[in-house]
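K.L.:
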Amino acid sequence: MILYRYLVREHAAPFLFGLSLIVFVFTMNLFFQTLGRIAGKGLPILTILEYYGLSLAWILALAVPMAVLISTVSAFGRMAADSEITALRASGISPRQLIQPVLIVGVLVALWVAWFNNYVLPDMNHRTKLLQIDIRKKKPTMIIEPNIYNFDIPNYIMLARGVDRTTSELNEVTIYDEHNPDIKTTIAAKSGKLGFIESAESIVMTLSDGEIHRPTVRESESYEYTVFDSAQFRIKMPGLALKRGTKGWRGDRELSVRELMDRVNELKLKDSKINTKQIAAFMVEIHKKFSIPVACIVFVLLGAPLGMLSHKGGMGVSGSVSLLFFTVYWALITNGEKLAERGIMSPGWSMWMANIILSV
Numbered sequence: 204m205i206l207y208r209y210l211v212r213e214h215a216a217p218f219l220f221g222l223s224l225i226v227f228v229f230t231m232n233l234f235f236q237t238l239g240r241i242a243g244k245g246l247p248i249l250t251i252l253e254y255y256g257l258s259l260a261w262i263l264a265l266a267v268p269m270a271v272l273i274s275t276v277s278a279f280g281r282m283a284a285d286s287e288i289t290a291l292r293a294s295g296i297s298p299r300q301l302i303q304p305v306l307i308v309g310v311l312v313a314l315w316v317a318w319f320n321n322y323v324l325p326d327m328n329h330r331t332k333l334l335q336i337d338i339r340k341k342k343p344t345m346i347i348e349p350n351i352y353n354f355d356i357p358n359y360i361m362l363a364r365g366v367d368r369t370t371s372e373l374n375e376v377t378i379y380d381e382h383n384p385d386i387k388t389t390i391a392a393k394s395g396k397l398g399f400i401e402s403a404e405s406i407v408m409t410l411s412d413g414e415i416h417r418p419t420v421r422e423s424e425s426y427e428y429t430v431f432d433s434a435q436f437r438i439k440m441p442g443l444a445l446k447r448g449t450k451g452w453r454g455d456r457e458l459s460v461r462e463l464m465d466r467v468n469e470l471k472l473k474d475s476k477i478n479t480k481q482i483a484a485f486m487v488e489i490h491k492k493f494s495i496p497v498a499c500i501v502f503v504l505l506g507a508p509l510g511m512l513s514h515k516g517g518m519g520v521s522g523s524v525s526l527l528f529f530t531v532y533w534a535l536i537t538n539g540e541k542l543a544e545r546g547i548m549s550p551g552w553s554m555w556m557a558n559i560i561l562s563v
């Protein structure tokens, strides 16, 4: 029992360090990917933190198995480098006995990940999707793309040649006012800025160095021409403020195993041939909920001999080796998912193929 506690304790520190590092890297990657879609939208800081907090669910689901691999390679590699493995084997303790306590912990971690994937992750994915939808609905919030006509503001068509998403500043702005179909007004400005008044549910456009072209009512062949240094336009938009939804259609990654099976049975009753792709997608998700947790066990069986053979317990070596094998594992999972959805491979084989190959 003393040896078992020692082995488990040796794995604890690299597991926690590896998990923290992986979560940090994934979170930073997500942050830079989504920064453009969130920055400048006038969102409360708590809403932004909630968005990234909810995203931690799927990050954890991937990070835990990888952290298991890192800790196993690192711990056994350190023990091999310090000749502890040699000393233990000389005392009559076999490699199987060395792996046994770590394998037991790996099974417990796998059970936790399976529970997490089935009961926690679907709800977190669903809440993340609802929040993303609500953020997209928050109108100054819409992302104005440079050189693309924007129709999000009622009765206005906007075109901006340049967009600074951090400051909400626009360059070379052209706005077509379509409130009156008979009198179409065109507003052009060298620069502008979008603002948001949440209490009034309105957006404010402040334009600089511009001009307004408007046909006159009495004389159809002439128009009014107005030059301005600065002009401000306030547009009332009900529903502009962020309003949180609580319900919505759940996709395959937002359902538990029981809910996925209910969907599969429902589709089979309707017409299993027509709904083949959708059934395959649901079945892939069911198998994935268990195949990824089982990877924790596979990674213990893989990482222990890798660590013993490497004789190096540094985080750099264990991290590199773990990244290599996890990349192979994830490539097999993602490509297997595509093969299953195309009907080339069964969902079961596609999701368990990576575990089988690495186990062998």
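Counting in the working numbering, the sequence shown runs from 204 upward without gaps. The beta carbon of each residue, even a glycine, is placed where N, CA and C say it ideally should be.
Going by C-alpha to C-alpha distance, which of Arg212, Trp315, Gly546 and Ala498 sits closest to Phe529?
P.N.:
Ala498
K.L.:
Can the beta-carbon of Phe436 be found less than 7 Å from the beta-carbon of Met408?
P.N.:
yes
K.L.:
Might you give, ordered along the chain, the residues of its own chain that have their beta carbon closer than 6 Å to the beta carbon of Gly442, omitting 5 neighbours on each side?
P.N.:
Any reading at Gly442 must be qualified, since the residue scores a pLDDT of 49, below 50, and its modelled position is unreliable; no value is offered.
K.L.:
Since Gly280 and Val520 should fall inside the 8 Å C-beta cutoff, what is the C-beta to C-beta distance between them, to a whole number of angstroms?
P.N.:
About 7 Å separates the two Cβ atoms, so the contact holds.
K.L.:
Under 7 Å between the Cβ atoms of Tyr532 and Ala507?
P.N.:
The Cβ-Cβ distance between Tyr532 and Ala507 does not fall below 7 Å.
K.L.:
Could you check what DSSP says for Arg417 in three-state terms: helix, strand or coil?
P.N.:
Secondary structure at Arg417: strand, using DSSP grouped into helix, strand and coil.
K.L.:
Taking a contact to mean a Cβ-Cβ separation below 7 Å, would you say Ala313 touches Pro496 in this structure?
P.N.:
yes
K.L.:
Taking the alpha helix (DSSP H) that Thr370 falls in, what are its first and last residues?
P.N.:
Here Thr370 belongs to no alpha helix (DSSP H), and DSSP marks it neither H nor E.
K.L.:
With DSSP collapsed to three states, give me the class of Lys491.
P.N.:
helix
K.L.:
Please look up how many angstroms separate the CB atoms of Leu306 and Phe502, rounded, as I've assumed it's under 8 Å.
P.N.:
Contact doesn't hold; Cβ gap of about 11 Å is too wide.
K.L.:
With DSSP as the reference, label Leu222 as helix, strand or coil.
P.N.:
helix
K.L.:
From which residue to which residue does the alpha helix (DSSP H) around Pro298 run?
P.N.:
Pro298 to Trp318
K.L.:
Going by Cα to Cα distance, which pick from His382, Leu334 and Ser433 is closest to Pro247?
P.N.:
When only C-alpha atoms are compared, the closest one is Leu334.
K.L.:
Hey, how far is the Cα of Ile547 from the Cα of Met231?
P.N.:
36 Å
K.L.:
CB-CB under 7 Å to Gly413, same chain, minus the five flanking residues each way: which ones, in chain order?
P.N.:
If we look at Gly413 and ignore the five residues flanking it on each side, its Cβ neighbours are Ile390, Ala391, Ala392, Lys393, Phe431 and Ala434.
K.L.:
If you reduce the DSSP assignment to three classes, tell me which class Gly510 lands in.
P.N.:
helix
K.L.:
Among the candidates Leu542, Ile500, Asn353 and Ala483, whose CA atom is the shortest distance from the CA of Pro304?
P.N.:
Ile500
K.L.:
May I ask you to check if the CB of Gly395 is nearer than 6 Å to at least one heavy atom of the ligand MN?
P.N.:
What this structure holds is no ligand at all, so the ligand MN is not there to describe.
K.L.:
When the Cα atoms are used, what is the spatial distance from Leu219 to Tyr352?
P.N.:
49 Å
K.L.:
With respect to the alpha helix (DSSP H) encompassing Gly546, which residues constitute its N-terminal and C-terminal limits?
P.N.:
That residue, Gly546, is in no alpha helix (DSSP H); it is neither H nor E in DSSP.
K.L.:
Using only CA atoms, which one of Phe485, Tyr379, Glu469 and Val226 lies nearest to Ser258?
P.N.:
Val226
K.L.:
Assign His490 to buried or exposed, taking buried as 16 or more other Cβ atoms, counted over all protein chains shown, within 10 Å of its Cβ.
P.N.:
buried
K.L.:
Would you mind stating whether Ile262 and Phe229 have Cβ atoms separated by less than 7 Å?
P.N.:
yes
K.L.:
Who pairs with Glu427 in a beta bridge, going by DSSP?
P.N.:
Arg417
K.L.:
If you follow the alpha helix (DSSP H) that Trp261 is in, where does it begin and where does it stop?
P.N.:
Segment Ile248 to Ala284, the alpha helix (DSSP H) holding Trp261.
K.L.:
Could you tell me whether the Cβ atoms of Trp555 and Ser459 are closer together than 7 Å?
P.N.:
no
K.L.:
Please report how far the alpha carbon of Met361 lies from the alpha carbon of Ile438, in whole angstroms.
P.N.:
13 Å
K.L.:
Considering Met464, what are the terminal residues of the alpha helix (DSSP H) in which it resides?
P.N.:
Start and end: Val460 to Asp474.
K.L.:
Span of the alpha helix (DSSP H) holding Arg292?
P.N.:
Glu287 to Ala293
K.L.:
Rounded to the nearest angstrom, how far is the Cβ of Lys396 from that of Glu375, given a contact under 8 Å?
P.N.:
Rounded, the Cβ-Cβ distance is 13 Å, inconsistent with contact.
K.L.:
Which residues in the same chain as Asn328 place their Cβ atom closer than 6 Å to its Cβ, once the five residues preceding and following it in sequence are excluded?
P.N.:
Arg456 and Glu457
K.L.:
By DSSP's criteria, Ala215 is part of a beta bridge. Which residues make up the other side?
P.N.:
Answer is none; Ala215 lacks a bridge partner.
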